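Data block below; observations after.
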Amino acid sequence: MKKIAIIGASGHGKVVADIAKKNGYDEIVFLDDNSAVRECGGYPVVGKSVLAGELGCDVFVGIGNAAVRQQMQEALEASGVSIPRLVHPRAVVADDAAIGAGTVIMAGAVVNSGTTVGKGCIINTCASVDHDCQLEDYVHVSVGAHLAGTVTVGQRTWIGIGAVVSNNLSIVGDCMLGAGTVVAKHIEEAGTYVGVPARKMK
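So, in structure tokens, the structure goes:
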């Protein structure tokens, strides 16, 4: 019996659960600090997140907020809990790509050769990360976003839905790129960026 507990009974957690099932987990449960939530995607919520270390199974943080995801995953790591990486069987991941613990790669996503994806990242549905990219920890590449080759993304940065990043560029940590944003030059200052080309919001 292969069991996993997912922290975060939400829409994102529901997708994580489906991928976990496709990765061979026979028993799936949720943990959530909202005691009013009893189930998610047909799976039971068995308690709050503080129980994660007591269940004796793999644990995955299925929370979209990068800062919260980082805090929870690092606490789990410190306590010795096993944190898997979850890759949808219909994602395409190069044999030499390095994928960190706690990262989920969703259906239709592509991660190409020479790329490193840190821990606790989200490569969402139909997103693509091309060759030789470096994604630091807790990055989220949203649905349908595309990173060209040799892009570096700093930790906790959120690449919005449908955003495009041109090749050979770097984006610092703690940025948010709005939906459809096009990045055509380096982003060296944390903040929220929108538009074509990307510009920082004041």
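The numbering of the sequence shown is our numbering, which starts it at 262 and goes up by one.
Note that CB positions come from ideal geometry on N, CA and C, so glycine has one too.
Owing to the predicted nature of the structure, the values given are computational and were not obtained by experimental measurement.
- Within its own chain, the residues whose Cβ lies closer than 8 Å to the Cβ of E300, once the five positions on either side in sequence are excluded, are A270, F291 and V306, listed in chain order.
- Considered as a whole, the stretch 268-333 harbours 288-292, 304-308 and 319-322 as its complete beta strand (DSSP E) runs of no fewer than 3 residues, in chain order.
- The stretch 397-462 is shown to contain whole beta strand (DSSP E) runs of 3 or more residues at 436-438 and 452-455, in chain order.
- With a cutoff of 8 Å on beta-carbon distance, S403 and G421 are scored as near each other.
- In this structure, the straight-line span from the alpha carbon of I265 to that of A362 is close to 14 Å.
- When only Cα atoms are considered, A355 and A336 end up about 30 Å apart.
- Taking the Cα of A388 as reference, the smallest distance to any Cα among L408, E397, S374 and T376 is reached at L408.
- Note on geometry: alpha-carbon atoms of S427 and N373 lie some 15 Å from one another.
- With contacts defined as CB atoms closer than 8 Å, M367 and I280 qualify as a contacting pair.
- Of the candidates V390, G308 and V277, the residue whose Cα lies closest to the Cα of N295 is G308.
- In chain order, C301 and G302 place their CB closer than 6 Å to the CB of K275, counting only its own chain and leaving out the 5 sequence neighbours on each side.
- Put simply, the backbone Cα of Y399 is about 12 Å away from that of I360.
- In this structure, L347 is the residue among L347, T386 and M462 with its C-alpha nearest to the C-alpha of G379.
- Residue environment for M437: buried (at least 16 other C-beta atoms within 10 angstroms of its C-beta).
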